[in-house]
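Asks: Residue numbers (this note's numbering), protein chains in the order written: chain Y, 15 to 203; chain Z, 5 to 101. In this text, a Cβ means the ideal position worked out from N, Cα and C, and glycines have one as well. Fair warning: this is a prediction, and the values are worked out from it, not measured in the lab.
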Amino acid sequence: MNISPTEAEEALTAIQGLMERTRHSIASSGAHVSLIITGIVWLIGFICNQFLSGEILSYIWIGLSILGGTTATILGIRNSKHIRNPSASATAKRISLIWLLLVIYCIAAIAVAYPIDGKQLTMFIVLFVLIGWMAMGLLLSFSSFWPGLLIIVMALVGYFFLSNYFYLWMGILVGGGMIVFGLYIRYRW
Amino acid sequence: MANLNETIHQPVRLRIMAVLVSMEPTNEVDFTYLRDLLEVTDGNLGAHLRKLEEAGYITVNKIFVERKPRTYFTATPAGRKVFNEHVAALESILKKK
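1. Which bits of chain Z does Thr36 of chain Y rub up against, with CB to CB less than 8 Å?
2. Here's the rule I'm using: 16 or more other beta-carbon atoms within 10 Å means buried, otherwise exposed. How should Phe174 of chain Y be labelled?
3. Is Thr36 of chain Y near Ser26 of chain Z, with beta carbons less than 8 Å apart?
4. Which residue marks the beginning of the alpha helix (DSSP H) containing Tyr198 of chain Y, and which one marks its end?
5. Would you mind telling me which residues of chain Y sit closer than 8 Å to Tyr61 of chain Z, beta carbon to beta carbon, in chain order?
6. Mapping DSSP to helix, strand and coil, what is Arg71 of chain Z?
7. List, in order along the chain, the chain Z residues whose C-beta lies closer than 7 Å to that of His96 of chain Y?
8. Establish whether the CB of His52 of chain Z and some CB of chain Y are separated by less than 8 Å.
9. Step through the CB atoms of chain Y and report whether any lies within less than 8 Å of the CB of Thr11 of chain Z.
10. Which of the three DSSP states is assigned to Glu89 of chain Z in this structure?
11. Return the residue from the list Y:Gly31, Y:Arg92, Y:Trp75 that minimises the CA-CA distance to Ser48 of chain Y.
12. Between Leu56 of chain Z and chain Y, is the shortest Cβ-Cβ distance under 8 Å, so that the two count as touching?
13. For Ile74 of chain Y and Ile118 of chain Y, I'd like the C-alpha separation in whole angstroms.
14. Below 6 Å CB to CB, which residues in the same chain sit around Leu89 of chain Y once its five sequence neighbours on both sides are set aside?
15. How would you label Arg54 of chain Z, buried or exposed, when you count the other beta carbons within 10 angstroms and need 16 or more for buried?
16. Counting contacts by CB-CB distance shorter than 8 Å, is Leu153 of chain Y in contact with chain Z?
17. Do you know offhand how far Arg240 of chain Y's Cα is from Met148 of chain Y's?
18. DSSP state of Lys66 of chain Z, grouped into three classes?
19. Going straight from the alpha carbon of Gly196 of chain Y to that of His38 of chain Y, what length do you get?
20. Considering only their Cβ atoms, is the gap separating Ala93 of chain Z from Asn7 of chain Z smaller than 8 Å?
21. Can you tell me which of the three DSSP states Asp34 of chain Z falls into?
22. Does DSSP classify Thr78 of chain Z as helix, strand or coil?
23. Under 8 Å Cβ-Cβ, which residues of chain Y neighbour Arg19 of chain Z?
24. Sort out for me which residues DSSP pairs Arg54 of chain Z with in a bridge.
25. If we ignore side chains and look at the alpha-carbon of each, how far apart do Pro81 of chain Z and Thr63 of chain Z end up?
26. Among Y:Ile80, Y:Gly59, Y:Leu81, Y:Gly82, which residue has its Cα nearest to the Cα of Leu71 of chain Y?
27. Output yes if chain Y places a C-beta closer than 8 Å to the C-beta of Thr80 of chain Z; else output no.
28. Measure from the C-beta of Leu49 of chain Z to each C-beta in chain Y and report whether the shortest distance is under 8 Å.
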């Protein structure tokens, strides 16, 4: 079988492009979904926090959390069906246990530090979610690590330096930033 | 010098192998994932997957997920070997240019 150098070059370019797309697709699988959904929940929730007050905020957050959690779980399960690793069930159990421990830690830390104000409570939860998410990035794929780190830095800047606009900052820059990162991973990674 | 492999050189089959070889050997991908990534029709993809399976370059694993049949594909060690040899042969042609 003989082919010209031009044909060989075209074939190699196609192979390299596709291998790169596959690796990115596997590395980012699920990361963009959780980023976009968490971003939307935080964007709406924190903007409400900035401009509304009273009991209605609790209902908004409960509604958004249930909606966001359910959607992320359904989409995550749907995504995970496309790529399968028959020997990975033990890893999945360990990851679930790590998240369970993180949830226990978060509840315990809030209980120990209580009473805390709304901003402190927000930072506890945001830091817990993002650190857990970055740990998953280190374990599974590096793609979600760096956006997580940047969002933590942005959240801390808002907490320490922009107290009056904290919730607006968290909504637009942190929530919006997560949506933008999610879309970037989905379409450009 | 490594030889070009006629079965693998066909463009769709070459792209299928590129996807499967770039994954961990323990990972399997389903038909829908391959179809969407390669942007080919169901019939076209099915025919080329069958050729690769007959050549022993991929394995097909049919299982039930939530009572629905799902077909997963992975490259065999032989498939990975011939794909790497094919790539080496393409590179050597390019070096002679």
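Replies: Taking the coordinates as given:
1. Ala22, Val23, Ser26, Met27, Leu41
2. exposed
3. yes
4. 190 to 201
5. Near Tyr61 of chain Z there are no residues of chain Y at all, since even the closest Cβ is about 15 Å away, more than 8 Å.
6. coil
7. Val33, Asp34, Thr36, Tyr37
8. no
9. no
10. helix
11. Y:Arg92
12. no
13. 24 Å
14. Val47
15. exposed
16. no
17. Not covered by the structure: residue 240 of chain Y. The range shown for chain Y is 15 to 203.
18. strand
19. 13 Å
20. yes
21. strand
22. strand
23. Ala28, Ile29, Leu32
24. Answer is none; Arg54 of chain Z lacks a bridge partner.
25. 10 Å
26. Y:Gly59
27. no
28. no
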